[in-house]
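Note sheet for the following structure.
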Amino acid sequence: MAALLVLLTLGQGLAIMVVRPMPALAAEMCPAGMVPIPGGRYRIGAAGRLPEEAEAPVRLRPFCLGQTEVTNRQFAAFAAATGYRTQAERPLPAEPFPELSAAERRPGSVVFHPPAPGEPVQELSWWRWVPGADWRHPEGPGSTIEERLDHPVVQVSLEDAEAYAAWAGAALPSEAQWEFAARGGLKDRAFSWGDTWKPGQANTWQGEFPLSNTGEDGYLGTAPVGRFPANGYGLHDMTGNVWEWTADWYRPGHERLAGQEDPRLADPSASSDPRDPGVAKHVIKGGSFLCAPNFCSRYRPAAREAESPDTGTSHIGFRLVSPSLTTHG
């Protein structure tokens with residue numbers, strides 16, 4: 004049960020800290036497949052880590068969050084019901100890309116491609132644009148999701164994730180909501196389970212990225228949702244498996260959120276990424292099956308990355324938040 008710390012002032016300037024239980028949040032207050040998150044005050048970010056994680060105090064009302072990432076099976080139901088075509092299934096528009104030929108603008112997406120033995124390795128050289136790659140064919144033509152219906156859907160852009168969320172009567176979580184939930188009720192801990200990295204707690208890369216993945220956790224790519232231990236709130240895969248879209252635009256640090264309730268950086272003009280000046284990007288959280296101690300390693304709740312909103316890849320998915328609980332809190 005969540006607890007509330009109360010400072011009681013006694014005589015002669017003495018004070019004690021009293022722990023009072025907070026009211027339990029009923030699971031039935033959340034839509035199916037979601038779990039209640041109590042909300043409260045916390046410091047988003049992490050002190051002494053990376054500059055882009057600079058801390059800020061924020062407040063959150065209770066909310067409901069998807070217990071798992073949205074799966075291929077769920078996204079297939081959405082596509083069948085609405086006829087929706089993801090950005091990867093549409094050709095690139097000609098106006099923003101006048102330098103590209105029709106062939107170069109054909110539908111496709113970005114796919115992880117490990118280097119061959121002896122191949123020179125340059126940073127990000129393992130990503131390739133693959134015509135025909137989309138959520139049904141995550142690695143391109145010839146790949147399929149038939150045996151991966153319960154894996155998280157990938158190759159979805161921010162627009163695709165938002166379209167699914169609207170159809171489901173939900174939304175994407177803010178970065179503050181996502182991070183608070185990923186902590187699982189722990190305070191000032193590096194990971195969702197404590198301060199020590201534990202291989203096997205999540206679907207990540209084992210070995211030296213991008214050259215060798217031993218697959219000791221049982222998966223070389225995505226895993227079915229819910230196969231790894233849940234955190235303290237009952238949420239699966241908040242660490243690893245796939246990165247997850249949030250509702251926030253990206254900028255280094257969290258100073259603009261300080262003191263706010265249910266904060267969200269909603270203004271794209273406020274977005275900035277020093278590595279890619281002038282391009283507005285969204286926050287993704289959680290790391291993926293490609294994160295390893297020698298590269299990325301951003302599978303801490305406070306860790307974050309910037310991603311172009313129109314880019315789907317083979318390692319980014321999403322989960323949903325429902326505001327329904329906040330109407331009761």
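The opening residue of the sequence shown carries number 4 in our numbering; numbering runs sequentially from there. The beta-carbon is built from N, C-alpha and C at its ideal position, and this holds for glycine as well. Keep in mind that this is a model prediction, so the values were computed, not measured.
A Cβ-Cβ separation of about 6 Å places Gln180 in contact with Leu63 under the 8 Å criterion. Contiguous alpha helix (DSSP H) elements confined to the region 172-225 occur at 178-186, taking only those with 4 or more residues. Contact between His154 and Pro65 is absent: CB atoms are separated by about 30 Å, not below the 8 Å threshold.
Given a length threshold of 3 residues, each whole run of the beta strand (DSSP E) inside the region 221-265 is given here in chain order: 246-252.
Burial state of Trp246 is buried, judged by a 10 Å Cβ sphere holding 16 or more other Cβ atoms. Pairing Ala35 with Gly48 gives a Cβ-Cβ distance that is not under 9 Å. Per DSSP, the unbroken alpha helix (DSSP H) holding Arg76 starts and ends at Asn75 to Thr85. Under the DSSP assignment, Glu162 falls in the alpha helix (DSSP H) whose first and last residues are Leu161 to Trp170.
Of all C-beta pairs linking the region 170-180 to the region 234-254, three or more are shorter than 8 Å, placing the two stretches in contact.
In the same chain as Gly235, and ignoring 5 residues on each side of it, the C-beta atoms closer than 6 Å to its own belong to Gly187 and Gly188, in chain order.
Assignment of beta-bridge partners to Thr316 by DSSP yields Val113. Just measuring C-alpha positions, the residue of Phe81, Gly290 and Pro60 sitting nearest Met241 is Gly290. Contact between the region 141-148 and the region 304-311 is not established, with fewer than three Cβ pairs separated by less than 8 Å. Under the 10 Å beta carbon count, Ser325 is surrounded by 16 or more other beta carbons and is classified as buried. By the neighbour-count criterion, in which 16 or more other beta carbons inside 10 Å mark a residue as buried, Pro96 falls on the exposed side. One thing to note: Asp220 has its Cβ no nearer than 9 Å to the Cβ of Thr199.
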